[in-house]
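Everything below concerns the one structure shown next.
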Amino acid sequence: MFFASDNWAGAADPIAESLSRHAKGMSPAYGTSDLDQRLEQRFNDLFETDIEVFFVGTGTAANSLALSAVNRPGGFVLCHRDAHLIEDECGAPEFFTSGARLAPVSGDLGRICPRALQKQLRRFDPNFVHHGQPMAVSITQATEVGTVYNVDQLKEISGIVHDHDLPLHMDGARFANALVHLDLTPAEMTWKAGVDVLSFGGTKNGCWCAEAIIFFRPELAKQMPFIRKRAAQLFSKTRFIAAQFHAYLDDDLWLGLARHANKMASRLAAGIEKSSAAELAWQNETNEVFVVMEKSRAESLQTAGARFYPWPTPNDSTTDPPEGHAMYRFVTSFCTDPAEIDQFLGLLG
Numbered sequence: 001m002f003f004a005s006d007n008w009a010g011a012a013d014p015i016a017e018s019l020s021r022h023a024k025g026m027s028p029a030y031g032t033s034d035l036d037q038r039l040e041q042r043f044n045d046l047f048e049t050d051i052e053v054f055f056v057g058t059g060t061a062a063n064s065l066a067l068s069a070v071n072r073p074g075g076f077v078l079c080h081r082d083a084h085l086i087e088d089e090c091g092a093p094e095f096f097t098s099g100a101r102l103a104p105v106s107g108d109l110g111r112i113c114p115r116a117l118q119k120q121l122r123r124f125d126p127n128f129v130h131h132g133q134p135m136a137v138s139i140t141q142a143t144e145v146g147t148v149y150n151v152d153q154l155k156e157i158s159g160i161v162h163d164h165d166l167p168l169h170m171d172g173a174r175f176a177n178a179l180v181h182l183d184l185t186p187a188e189m190t191w192k193a194g195v196d197v198l199s200f201g202g203t204k205n206g207c208w209c210a211e212a213i214i215f216f217r218p219e220l221a222k223q224m225p226f227i228r229k230r231a232a233q234l235f236s237k238t239r240f241i242a243a244q245f246h247a248y249l250d251d252d253l254w255l256g257l258a259r260h261a262n263k264m265a266s267r268l269a270a271g272i273e274k275s276s277a278a279e280l281a282w283q284n285e286t287n288e289v290f291v292v293m294e295k296s297r298a299e300s301l302q303t304a305g306a307r308f309y310p311w312p313t314p315n316d317s318t319t320d321p322p323e324g325h326a327m328y329r330f331v332t333s334f335c336t337d338p339a340e341i342d343q344f345l346g347l348l349g
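Residue 129 in UniProt numbering sits at position 129 of the sequence shown, and the numbers go up by one each step.
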């Protein structure tokens, strides 16, 4: 009963097999092999446009280096107040941008409120040097609370961002989970909706460690080869990231893995809705389920072997759990077994 994080899950079999297959023999280093070159073209085809793509090993690196490429002196990145960037990156975005700051923006259920974004952007007078200047807006898709921005919401946010002559970055650590929920193409959920830079995540969805920074406006990527090298993210044996992504994209494996994770989350949520011992904090849309229950019940479930984390209520929440209760996060993955969920629901009662 492992619901702590999709980071706990291992690698999907086809990805592990691809790593093993490409471990043999010699291959040119630093992204110059045929395998690497073919992968870059596959990403062009996947997103239906010419892009600049840079492969890195972690989501923190993808987010931080993507933002460093669009840095400005005295720069601010505006993001949701509960975003991973601002809550869980240990200062990496600030470090790799040489001191850019993160400005929190409000919004219900993990999504930036357009009105709040407009208000924050109006704070910055381009002629007033002391405040600094906005350099980017970052959104998370899927959000930190398992919700998604639909296309209209993406276009509304991107319109505001572009009206202020800023790039829009998307943290796509759970990109595939959001994509299959919305039933869109990668192009429709990114550049066609106004996204300029994407952190494309594979690690949470069956890869070993494979992330990509994708620039839909290639002029923004001019310094990225040097930024990536300086940050120690230019792997010498890049074939091992390429091998993961090739298997990930083959036969739409990545979409199938995400659909399974989402389906398991829906199964879990449906069971919780029928329980008198817990309630959903809100409806899940991807592979994260947030639950309110008594602390004593959560402790008994954990003692019985269930793995899940207590979770703070979102900053924009207007209510807290009742006395003696708390919020908990459950995350399903590509390898979640329905039997795990049924076992958990049987214990929950």
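Where is the CB? At the ideal position from N, CA and C, for every residue including glycine.
- In the three-state reduction of the DSSP assignment, L154 falls in the helix class, which pools H, G and I.
- Cα atoms of L257 and G132: separation of roughly 43 Å, rounded to the nearest angstrom.
- From the listed residues T97, T318, D50 and D36, the smallest Cα separation to A136 is found for T97.
- Non-local C-beta neighbours of V289 in its own chain, meaning closer than 6 Å and more than five positions away in sequence, comprise A265, L268, A269 and F330, ordered along the chain.
- In the same chain as A247, and ignoring 5 residues on each side of it, the C-beta atoms closer than 6 Å to its own belong to P14, I15 and S18, in chain order.
- D171 sits in a strand when the DSSP states are folded into three classes.
- Here the alpha carbons of F2 and V291 stand approximately 15 Å from one another.
- Rounded to whole angstroms, the gap between the alpha carbons of G107 and A173 is 20 Å.
- The segment 314-328 makes no contact with the segment 183-191: fewer than 3 CB pairs, one atom from each, lie closer than 8 Å.
- Looking at A9, S33 and G10, the one whose alpha-carbon comes closest to that of F240 is S33.
- Taken in chain order, the complete alpha helix (DSSP H) segments of 4 or more residues contained in the segment 185-260 are 224-230 and 239-249.
- With a beta-carbon spacing of about 7 Å, T49 and F216 fall inside the 8 Å limit used to define contacts.
- With contacts defined by Cβ atoms closer than 8 Å, A62 and A178 do not form a contacting pair.
- Three or more beta-carbon pairs drawn from the segment 305-316 and the segment 106-122 are found closer than 8 Å, and the two stretches are therefore classed as touching.
- Going by beta carbons, T336 and H181 fall outside the 8 Å limit.
- Under the three-state reduction of DSSP output, P93 falls in the helix class.
- In the same chain as V195, and ignoring 5 residues on each side of it, the C-beta atoms closer than 6 Å to its own belong to L168 and M170, in chain order.
- Where G75 is concerned, the enclosing beta strand (DSSP E) starts and stops at G75 to H80.
- Shown here, E52 sits in a strand according to DSSP, grouped into three states.
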